[in-house]
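Some notes on the structure that comes next.
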Amino acid sequence: MDTQTYYRTAFSRNLGIFTQAEQDLLRRACVAVAGLGGVGGLHVMTLARMGVGAFHLADMDVFEPVNINRQYGAKVQNFDRPKLDVMVEEALGVNPFLKIVTLPEGVTEENLDRFLDGVHVVLDGLDFFNFEIRRLLFNRARDKGIYVVTAGPLGFSTAVLVFSPFEGMSFDEYFDIRPGLNDEEKVLRFAMGLAPRPTHLGYLDMDRVSLAQRSGPSVASACMLCAGAAATEAVKILLGRGPVRPVPHYVQIDPYTWTLRRGRLWMGNRNPMQKIKEAVIRRFVLTDGPGAPTRTGRFLRLLLQRQSIFVDDLHDCRPRPLVPREPVKTLPVPEQVLNSLLDAAVQAPSGDNAQPWKFSVKGDTICIQVDPERDRSFFNVDQVASLIACGAAAENIRIAATGFGLDARVQVPLNVNEENFHAHLALEPAETAPDPLHDWVWKRHTNRKPFADTRLSPLAAASLVEAAGIFPEARLYLVQDRSRIKKLAHLVYLVDRIRSEDRRLHEHLHRMIRFSEAEALRTRDGFPLKNLEAGRAGEMFLRLSRPWAVMKALNRLGMSRAVALHAARGMAGAAAAGLLTVSGTAPKDFFQGGRALQRIWLTATAHRLSFQPMTAVTLFWTRYQRQGLSSFLPKHHRLLERAFALYQDLFPQPDFHATGHVMLFRLGHAPPISTPTLRRPALVLSSMERSSFSCALATPS
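Oh and the sequence shown: position 229 is 229 in UniProt numbering, straight run, nothing missing.
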């Protein structure tokens with residue numbers, strides 16, 4: 001096929017957006033693309049498909065696995081191949097009649113004139129942090145009367161600037177580049193000028209941005225958006241069609257937030273507001289090194305992440321042991337590894353953070369046992385809550401063991417009752433990969449904050465169900481329908497009224513609240529007051545209502561309904577709710593349910609989902625299963641009958657009287673908590689044969 005026929009056929013679908021005359025003009029146009037990485041390669045391919053007939057391409061790099069997430073030519077077969085060679089092949093595969101000038105040394109000060117000779121428009125595809133050569137390129141293009149378009153991928157967005165040789169501001173004028181600036185300051189000013197009113201900071205993890213280390217995140221969808229926007233501006237310039245608004249005009253398009261921000265940055269980065277923002281960001285937000293950020297910086301980061309759905313990497317709730325994760329090849333298991341596994345165990349959740357477990361180690365076997373004296377509350381009927389907690393702790397041991405190349409075989413003796421329940425975890429070297437949930441053991445926590453108005457992703461939902469499915473006796477029922485979630489909220493309201501109206505439950509709650517930091521550090525169990533996320537008014541109420549006489553009087557004024565309404569609102573705002581059940585009601589069933597629960601919770605944490613147990617429903621039902629209504633206050637019998645009828649209507653699948661109900665919980669997205677719960681100190685003995693001991697972290701966070 002000859003050139004003319006190919007052009008008329010291959011680009012015929014452009015007609016109607018371009019005229020035939022414009023398509024012919026594009027065929028004669030020459031575009032320079034500096035850098036063929038995240039956006040540069042896409043610039044070339046986009047313009048090639050639009051019919052541009054000639055390119056000057058420059059890149060000195062090769063494709064590597066780290067490029068896969070965003071760069072056009074990054075494929076397994078192209079690893080270690082020059083990006084320039086690959087992209088020339090790709091472009092010629094679209095249009096074999098392209099005229100391409102290549103600069104395999106990349107853009108340098110020495111070859112700038114050769115790179116720009118005969119070019120009509122330059123598209124900037126240089127690495128974000130490659131500042132000096134970018135500055136030389138923009139300034140030399142201006143001297144030669146050539147437009148430059150830059151489009152940067154910022155989060156899910158693109159920010160686009162056009163530099164005209166005939167009007168507007170120069171590169172140095174717009175970004176306020178002057179002698180004496182260090183490299184970090186130059187890059188910061190480039191970033192601030194690129195997006196003067198940024199849309200992406202609300203969901204960007206600023207801990208992943210480092211000017212000093214010249215690193216930052218980037219995704220493919222934003223790079224594609226950059227190519228579309230930059231190519232459109234280039235075509236407008238080439239065809240003299242439509243308005244071209246050079247700097248100080250700017251535009252940022254963010255499909256994630258559905259935001260379009262455009263305007264004119266008067267004086268560029270010399271604008272007084274830009275100067276204030278630069279000082280704040282440099283001082284508090286992008287500070288690298290130990291100890292950063294400061295208290296002010298943490299506050300500012302919190303403000304920046306207020307829209308976060310894909311939240312930043314969660315921090316550990318408590319310090320994890322600094323043990324090298326090297327495979328254990330032979331027995332016996334080193335003592336520091338055993339201690340690390342016990343530290344992992346006590347990161348598990350427990351009712352009111354009572355930590356109702358005891359551990360002993362004999363040889364290479366860890367024994368976990370219910371400590372019934374830790375929790376004798378009304379909630380903990382027949383130590384069911386403690387059995388669930390011990391199952392979660394055992395699963396933590398099993399998960400953590402994989403990080404050391406160990407398999408932990410869980411064995412539960414037959415015919416053990418609730419009070420003396422124990423299980424053994426026999427450790428042995430195995431060819432096993434670290435469990436993906438290992439790193440989340442120390443990050444898992446309860447989040448009582450209001451959840452954002454979002455939905456559960458189908459990937460997260462499938463992962464949660466898969467996590468439960470590892471245990472044949474466990475079944476997870478997820479609720480995502482808004483009408484059913486609202487009915488669940490009413491169920492929570494009915495049940496939570498009882499929490500405030502039953503003296504036994506009220507006094508137990510207040511026994512487990514640590515009203516001062518000193519008390520929390522002394523006991524290292526229960527709830528630090530700030531962990532409850534009650535706010536100042538809520539904390540004042542909790543302090544005021546500690547005496548039962550006060551709470552009883554407040555209940556006459558409707559306080560129990562107000563407290564229950566607060567809990568119901570939390571459920572109503574959830575993205576989803578879940579009910580975990582097991583096939584039986586024996587101690588081993590609830591122990592296995594605790595193991596399944598821990599995997600579900602850790603999986604939710606790995607998906608950056610906030611998680612809050614709503615345990616009153618399941619524990620009240622468990623008491624009703626075993627004792628009927630006799631142990632509840634008579635005034636609550638009709639309330640419970642209504643609640644249990646609604647409960648069964650909402651979950652028609654399980655056999656309510658035969659299955660064990662492990663936990664009802666809510667899921668969603670919320671800002672991270674500021675105050676995690678603590679764990680009691682470990683008693684670590686020196687010999688490999690240890691007596692029974694209660695175990696937890698030795699030092700506070």
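Beta carbons are placed, not taken as given, at the ideal position from N, Cα and C, and that holds for glycine.
Check the Cβ-Cβ distances between residue i and every residue of chain B, and say whether any is below 8 Å.
i             : result
histidine 508 : This model lacks chain B altogether, as it is built from one protein chain only.
For residue i, which of helix, strand or coil comes out of DSSP?
i                : result
alanine 29       : coil
glutamine 347    : coil
methionine 169   : coil
valine 101       : strand
histidine 56     : strand
cysteine 367     : strand
phenylalanine 11 : coil
histidine 508    : helix
glycine 93       : helix
isoleucine 253   : strand
tryptophan 440   : helix
proline 65       : helix
threonine 3      : helix
Below 8 Å between beta carbons: does that hold for residue i and residue j?
i                : j                 : result
aspartate 254    : glycine 106       : no
proline 356      : aspartate 375     : yes
methionine 663   : threonine 605     : no
serine 610       : phenylalanine 451 : yes
histidine 669    : threonine 622     : no
glycine 594      : alanine 392       : yes
asparagine 555   : serine 500        : yes
leucine 84       : threonine 102     : yes
leucine 456      : threonine 603     : no
cysteine 30      : valine 119        : yes
phenylalanine 97 : threonine 3       : yes
alanine 423      : arginine 409      : no
alanine 468      : leucine 459       : no
alanine 572      : alanine 461       : no
valine 162       : arginine 245      : yes
threonine 677    : phenylalanine 527 : yes
methionine 512   : aspartate 352     : yes
histidine 315    : isoleucine 673    : no
In angstroms, rounded to a whole number, what distance separates the CA positions of residue i and residue j?
i                 : j                 : result
threonine 19      : arginine 49       : 15 Å
glutamine 598     : proline 217       : 31 Å
leucine 650       : leucine 491       : 9 Å
isoleucine 366    : glycine 403       : 17 Å
cysteine 390      : asparagine 420    : 12 Å
valine 550        : leucine 544       : 7 Å
histidine 200     : arginine 189      : 17 Å
proline 652       : alanine 577       : 15 Å
proline 324       : serine 340        : 10 Å
proline 165       : lysine 530        : 58 Å
arginine 140      : phenylalanine 115 : 11 Å
tyrosine 174      : asparagine 130    : 18 Å
arginine 561      : asparagine 67     : 56 Å
leucine 331       : glycine 363       : 9 Å
histidine 566     : glutamate 466     : 32 Å
leucine 42        : methionine 224    : 7 Å
valine 337        : lysine 329        : 12 Å
alanine 520       : valine 251        : 51 Å
phenylalanine 310 : alanine 553       : Reliability of the predicted coordinates at phenylalanine 310 is poor, the pLDDT of 41 falling under 50, and the value obtained from them is presented with this limitation in mind. One C-alpha to the other measures close to 44 Å.
Could you check which residue in the options has the C-alpha nearest to that of residue i?
i              : options                        : result
leucine 596    : Arg482, Pro676, Ala474, Val244 : A small fix is needed here, since residue 596 is alanine in this sequence, not leucine. Checking every option, the nearest Cα to that of alanine 596 belongs to Ala474.
serine 210     : Asp183, Gly202, Gly193, Leu225 : Asp183
alanine 385    : Met192, Asp435, Ala586, Gln274 : Ala586
glutamate 418  : Phe590, Val62, Val219          : Phe590
alanine 345    : Lys236, Lys358, Glu335, Pro334 : Lys358
alanine 59     : Val39, Trp548, Gly53           : The question names alanine, yet the displayed sequence has aspartate at residue 59. For aspartate 59, the nearest C-alpha among the options comes from Val39.
aspartate 113  : Ile146, Glu533, Val86          : Ile146
residue 710    : Val44, Gln213, Ala461          : Because the chain is modelled from 1 through 701, residue 710 falls outside the range shown and cannot be assessed.
glycine 35     : Pro654, Asp382, Pro104, Ser350 : Pro104
alanine 658    : Phe644, Gln23, Gly584          : Gly584
threonine 5    : Arg626, Ala430, Asn95, Phe79   : Asn95
asparagine 447 : Gly51, Ala574, Ile368          : Ala574
residue 748    : Ile100, Val582, Met192, Arg81  : Within the shown structure, residues of the chain are numbered from 1 to 701, placing residue 748 beyond reach of any answer.
residue 704    : Leu238, His506, Ile133, Ala195 : No statement about residue 704 is possible, as the shown extent of the chain runs from 1 to 701 and does not include it.
Any heavy atom of the ligand ADP inside 7 Å of the beta-carbon of residue i?
i           : result
proline 179 : By its list of ligands, the structure shown contains no ligand whatsoever, and the ligand ADP lies outside what it can speak to.
What runs of the beta strand (DSSP E), each 3 residues or longer, lie entirely inside the stretch 456 to 521? 474 to 479
Tell me the start and end of each unbroken alpha helix (DSSP H) in the stretch 384 to 416 that is at least 4 residues and wholly inside, in chain order.
384 to 402
Complete runs of the beta strand (DSSP E) confined to the stretch 608 to 647 [at least 3 residues]
610 to 613
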